[in-house]
Amino acid sequence: MPTALTRARSAPGRTFASAVALATASVLSACSGSTPSQEPPAAGGRDAGFDVVNSLAAGRTPVESVTWALAEGEPSSLDPALGYSYVTPNLCENLLLLNEDFSVSEHIAQRAEWSTDTTFVIELRDDVTFWDGSPVTAADVVYSLSRNLQPSSNWYSPFFFVTDIAQTGDLEVTLTFSQHSSQFREVLSGGAGAVMQKAYGESVGDAVGTAETGLMCTGPFMVEKGGWTPGTSITTRANPAYWNGTVLAQEITYVFVPDSTSLTSALLSGEVDGAFGVPTSAAAQFTESDAGQFVVGDSTGFISIMGTSPQSPAAIAAVRRALGLAIDRAQFLETILHGYGTEMKTLVPPFIWSGSPVRDIYDAGYASLPDIEHDVERARELIAESGADLSEPMVMAVPAGNTEAMQTALIVQAAGEAIGLTIEIDEKQPADYGALYGDPALRDTVDLMLSVDYIAVPAFVAYTRLNFMPTDRGGYFNWTGYSNEAVIAGLDEAATATDATAAAKAYVAAQDAYVADLPVVPLAATYQTTFLAEGLTGVVTSKASVSSPWALHLGGRE
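Residues -29 to -1, 1 to 529 in mature numbering (1 follows the signal peptide of the UniProt record, and there is no 0) are what the sequence shown spells out, letter by letter.
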């Protein structure tokens, strides 16, 4: 997410540890009126044996209060430019709306389009108000978007080529770019497009989004002064004058329950009413319980293995390919994800482009990719051919205290041993693990990292560039020095093409090229898992909930 495109990572100049810890907790703990999909789950392209539901029917009756558990723990901030949590999307709305199927539609902006190759124009609705009743103005949007020009913003990268943000009408804002950005519109459906009140933000400065200061936004829920008790809970109340419909849940209190066993107990006992990222290890308990419903939704979440240094054997393509072949993904899916995941052929899960108007091109490109087979004999041959110096053990970093992460590492370790790779596991505390993302010297002490990630908005071209472009071209996570001219050319065209079809074809061509090199070893795509108390309905249950006001329609069934 160096561009806040994902949850687990940050670009240079950002806070790394909290983001990494949250993503690892939320995705791996999930290991431990919409209708169900009629097609195989998009994440893996095959029938998983259960219905995939991306939203629940809207509530019909008001409810006084709901207690919602945050499996990822307490957020570091509610500021959409700095923090990540399931709290903020219900408070601060974005210019564009990320729908349950990961398509993007108008919201606070009634229009947001390119007027020229390098000019992007936003036209605002005239009926949107902040919690205090004041109208949203173009000046508020200029203020909000301009915050992303600062390297401290999690959304800095998508704004890298923005040269100007200006009010060009009473309800119009124009952004000027030095070059076209093919998926910039999609970025505005995430925290990059969050609208905050300029007057309030400037009055509190850097304290915006903290427990002491709070926010001033437009969403269906408000956080009032004293609503956030650090270490305990965050209480939000329904916005009585919400501009986009009636809010049925009068109060949502968020509590912090990162321990999967405690979370399971709290949900089944009725102590809390709902949570995202519930442990799949408890799926049978959830499914059999009368306390509520267990819902499986599509997700952009995934688990993979990254090389960390150009001096490491992991920088050699044959070693990476060998490790990919040595890992038994069927075993991984069964023992770690408990069947709630799918094998993944490449860097990102196909659900990420499911809302694209040229989805067919991306789907066809993905379908044409070869599966990563479990082939130990071929893996041994690749190791022998690699010429890698394997006299010293390879070191794999994993976050400490996470059972699923350690189990995953043990599977990788055993796979390595079977082909002649000695892999030592280095458990690191969350802060130390997070620091690896920002410090090359620290990364030189390890060879591999377990990456647990998800992409918050459908800007997968930019995310892929962050991993596979040269570091001097924006490849912030290209830590092994991977370079392939076909990949570079394809990703350049995909990022700058003004025609969606041309961009898609260029991306698919680049994907074909980098899959052969396996610069990142994919393990699996994950699902979004949700538990909701009996009698409640109306939440978004796909991964779109991380960027959209998922509790707007939360209410009683009857």
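Glycine included, C-beta positions come from ideal geometry on N, C-alpha and C.
According to DSSP, is alanine 522 helix, strand or coil?
coil
What are the start and end residues of the beta strand (DSSP E) that includes glutamine 499?
499 to 504
Counting C-beta neighbours from all protein chains within 10 Å, is the total for arginine 31 16 or more, i.e. buried, or is it exposed?
exposed
Classification of arginine 118 by the beta-carbon crowding that lies within 10 angstroms, buried from 16 upward
buried
Close Cβ partners of alanine 288 (< 6 Å) along its chain, the five nearest in sequence each way excluded:
Asp488
Count the other C-beta atoms from every protein chain shown that fall within 10 angstroms of the C-beta of serine 231, then say buried if there are 16 or more, exposed otherwise.
buried
Assuming lysine 399 is part of the beta strand (DSSP E), what are its boundary residues?
394 to 399
By the three-class DSSP mapping on this structure, what secondary structure does glycine 372 have?
coil
Could you tell me which of Gly20, Pro401 and Ser115 sits nearest to lysine 169, measuring between CA atoms?
Ser115
Cutoff 6 Å; reference histidine 524; Cβ partners in own chain excluding five residues on either side
Ala29, Gly30 and Gly509
If you follow the alpha helix (DSSP H) that serine 233 is part of, which residue opens it and which one closes it?
231 to 240
Enclosing alpha helix (DSSP H) for arginine 330 [first to last residue]
330 to 338
Using a 10 Å radius around the Cβ and a threshold of 16 neighbouring Cβ atoms, would you call glycine 312 buried or exposed?
buried
In whole angstroms, give me the CA-to-CA distance for aspartate 403 and serine 236.
30 Å
Report yes if the CB atom of alanine 220 is closer than 8 Å to the CB atom of glycine 241, and no otherwise.
no
Select from Gln282, Val366 and Glu305 the residue whose C-alpha is nearest the C-alpha of alanine 254.
Glu305
Please identify the residue among Pro46, Leu67, Met167 and Asn373 whose C-alpha is closest to the C-alpha of residue 530.
With the chain covering -29 to 529 only, the question about residue 530 has no answer from this structure.
Pull up the DSSP beta-bridge partners for aspartate 135, would you.
Thr147
Which of the three DSSP states, helix, strand or coil, is assigned to asparagine 65?
strand
In chain order, what residues of the same chain lie with their CB nearer than 6 Å to the CB of valine 99, ignoring the 5 residues before and after it?
Ile79, Val107, Thr189 and Trp214
If I follow the unbroken alpha helix (DSSP H) through alanine 293, where does it start and stop?
288 to 297
Is it right to say aspartate 244 is buried, meaning 16 or more other beta carbons lie within 10 angstroms of its own, or is it exposed?
buried
Which residues does DSSP list as the beta-bridge partners of serine 76?
Leu68
Whose C-alpha, out of Val92, Ser124, Trp102 and Asp103, is nearest the C-alpha of alanine 109?
Val92
Out of curiosity, what's the CA-to-CA distance linking alanine 481 and serine 454?
12 Å
Cβ of phenylalanine 227 versus every heavy atom of the ligand MG: is any distance shorter than 7 Å?
You won't find the ligand MG in this model; it holds no ligand whatsoever.
Quick one: measure Cβ to Cβ for valine 279 and arginine 414, integer angstroms, because I've assumed they're closer than 8 Å.
At residue 279 the sequence reads threonine, which differs from the valine that was named. Right, the Cβ-Cβ distance comes to about 4 Å (below 8 Å), so this counts as a contact.
Going by other Cβ atoms of all chains shown within 10 Å of its Cβ, with 16 needed for buried, is threonine 472 buried or exposed?
exposed
Looking at C-alpha atoms only, which residue of Asn373, Tyr408 and Phe265 is the closest neighbour of leucine 437?
Tyr408
If you follow the beta strand (DSSP E) that phenylalanine 130 is in, where does it begin and where does it stop?
Looking at the DSSP string, phenylalanine 130 is not in any beta strand (DSSP E), and its letter there is neither H nor E.
Endpoints, beta strand (DSSP E) assigned at isoleucine 274
273 to 278
Taking the alpha carbon of valine 319 as the point to measure from, which residue in Val179, Glu259 and Tyr478 has its own alpha carbon closest?
Tyr478
Between which two residues does the alpha helix (DSSP H) carrying threonine 38 extend?
Element bounds for threonine 38: not the alpha helix (DSSP H) but the beta strand (DSSP E), 37 to 41.
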